[in-house]
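In case it helps, numbering that gives the first Met the number 0 puts the sequence shown at residues 0 to 465.
Glycine included, every Cβ here is placed at the ideal spot set by N, Cα and C.
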Amino acid sequence: MELYNLDIERGILSAILFDGKIYEDVAAILKPLDFYLPFHQNLFAAMEDLYKKDYPIDEIFLKDHLVKQNKFDEELFLEILGTAPIEAVEAYAREIKDLAVKRELIHLSNEIKKTVLEDDKKAIEEVEEIQGKLFSIATSNLAGDFKESEAIINDTLEYIKTQISKQNKIVTGLDTGFVELNRFTSGFGEGDLIILAARPSMGKTALALNLALNVLKQDKGVAIFSLEMPAEQLMLRMLSAAGKIPLQDLRRGNLDDNEWSKLTAVADELSEKPLFVDDEGNVNIHTIRAKLRKLKMQNPELSLAIIDYLQLISSDQRERHLAIAEISRSLKLLARELQIPIIALSQLNRSLESRPNKRPMLSDLRESGAIEQDADIIMFIYRDDVYKAMEAKQKQKEAMEKGKAVEIDFQEKEVEDAEVIIGKQRNGPTGTVEMLFHKKYTLFTDKVSEVQEIQMNEAQIEMPSI
């Protein structure tokens, strides 16, 4: 089987010479390297140059352009001029594209054989490298040359026009579902690596799942790598937050009729959403890359990936700081490759708890150097009531050990104040976003005024939508 068709190539090029307007339709499908014959590649590249300069795509200009580049072939050019123009040019262009992809696959298969036999690499590294090249072929996202200023300007102007056309002028990226967080970040950008960090029990996983639910509301896909928690436990939290059903009731199966109705409605709705969970505990960055690439190819609507959490990703690096550096850099490159934001949860150093002010800072990140360098946004979660409760329990324990009675002046609340501290943002301001944390639902919400909160409580919404 021949993986090229010179007759179709000549017919397409002849059609463009006959009517220069056809070039735009063909260029939306083909690149110069998709043609098999080198002269055909050069001729189509010359058409691209003339098109960019608003010159006519005709015999005279093309011949002059190719002669100057010393790429003109009189015999092959006359052969194209003597070929009847093809009708239904887009259909034939797709056929040429299909043949070009097959040639790429043959080339890749030869590379695979050479890599396996000659390169001294581990199998998982070779598989990951091959999958990356296959992903590039499948998405036609092959490595290109430097972008020229004109092309960058045109792309940037198109981006600005798109943002102007949006009704919500605040959100230019992926809508987080939180008004104040959107105001600070303008939404999470395509290709952003977002680090969400906190000490244990502050609500890292809860906030990440709330963000996932908010994205799912927009019918956009979410992938979650749960390295610590089984998928079923993760889903219990999501159902609790989405339906405002106490998590403890779900865990015990202790539901009244109203809660069953809410659970059924939310479960039915959530089951239709493009949510993908991988709860394999022992995964490395190569596995994550391979799985996300495959998922993105199969589900183009995938718009967010969440990894819970960064320090649980395994690595061959013995030095932990080198392992984290490799992982964070790889996640950033993967976010750019797939053009989606990736949220990676991270632990914080215990040392912050020895400070009077326990609000996290960038220096509290474990292996902070590499993470801080690669991340586009770093967010910390802080709930003061967590520390107040810990201090109260410690005082009570110490008093009991001494046989003394002690009055605890702290009372746990069902709804606590929470702070999402934006410690770094590459393209925006830093600051603190105030939220509320509903403990029994593991649910974060925007903080509202007392009047608004009363109005919300009085509103009878029996069936919350996810």
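DSSP state of residue i mapped onto helix, strand, coil
i	result
Asp6	helix
Tyr381	strand
Thr431	strand
Gln410	coil
Phe187	strand
Leu254	coil
Lys394	helix
Val282	coil
Leu332	helix
Glu1	coil
Ser200	coil
Glu227	coil
Phe436	strand
Status (buried if at least 16 other CB within 10 Å, exposed otherwise) for residue i
i	result
Ile169	exposed
Met46	buried
Asn356	exposed
Gln459	Confidence is the limiting factor: at Gln459 the pLDDT is only 44, short of 50, which leaves the residue's position unreliable and the question unanswerable from this model.
Glu449	Unreliable positioning characterises Glu449 in this predicted model, as indicated by a pLDDT of 41, which lies under 50. A coordinate reading is not provided.
Lys403	exposed
Ile152	exposed
Ser327	buried
Asp218	exposed
Glu86	exposed
Phe443	buried
Phe17	exposed
Gln247	exposed
Host alpha helix (DSSP H) of residue i (start-end)
i	result
Gly470	Shown here, the chain extends from 0 to 465; a query on residue 470 therefore has no answer.
Leu351	Here Leu351 belongs to no alpha helix (DSSP H), and DSSP marks it neither H nor E.
Ala83	Premise fails: Ala83 is in no alpha helix (DSSP H) and is neither H nor E.
Thr204	Lys203 to Leu215
Gln40	Pro37 to Lys51
Ile305	Note, Ile305: premise wrong, no alpha helix (DSSP H); beta strand (DSSP E) at Leu301 to Asp307.
Inter-residue CB distance, residue i and residue j (contact presumed, cutoff 8 Å)
i	j	result
Leu12	Ile79	5 Å
Lys272	Ile244	That belief does not hold up - the Cβ atoms of Lys272 and Ile244 are roughly 18 Å apart, past 8 Å.
Ala240	Tyr440	5 Å
Leu29	Ile105	So it is not a contact: roughly 19 Å between Cβ atoms.
Ile194	Met378	7 Å
Closest Cα partner of residue i within the set the options
i	options	result
Ala417	Tyr386, Ser260, Tyr35 and Lys70	Tyr386
Leu226	Ala26, Ala343, Glu371 and Lys70	Ala343
Ser345	Glu336, Arg358, Ile323 and Leu337	Ile323
Lys20	Gln40, Pro55 and Glu189	Pro55
Lys331	Asp373, Ser313 and Arg358	Asp373
Gly190	Arg335, Gln316 and Asp363	Arg335
Arg102	Leu364, Ile420, Glu1 and Glu279	Glu1
Glu89	Phe60, Ala14, Asp63 and Ile305	Ala14
Arg358	Ala211, Leu233 and Ala197	Ala197
His437	Ala99, Phe71, Asp384 and Ile7	Asp384
Leu208	Tyr381, Leu303 and Asp53	Leu303
Arg365	Glu352, Gln310, Ile377 and Lys392	Gln310
Leu75	Thr444, Pro37 and Ile339	Pro37
Lys70	Leu98, Ala99, Leu77 and Gln40	Gln40
Asp72	Leu98, Ile223 and Leu42	Leu42
Val25	Arg93, Phe183 and Ile305	Arg93
Residue i Cβ short of 7 Å to the ligand FAD heavy atom set
i	result
Glu8	This structure does not include the ligand FAD; it has no bound ligands of any sort.
Span of the beta strand (DSSP E), counted from its first residue to its last, around residue i
i	result
Gln173	According to the sequence shown, residue 173 is Leu rather than Gln. That residue, Leu173, is in no beta strand (DSSP E); it is neither H nor E in DSSP.
Thr441	Note, Thr441: premise wrong, no beta strand (DSSP E); not H, not E.
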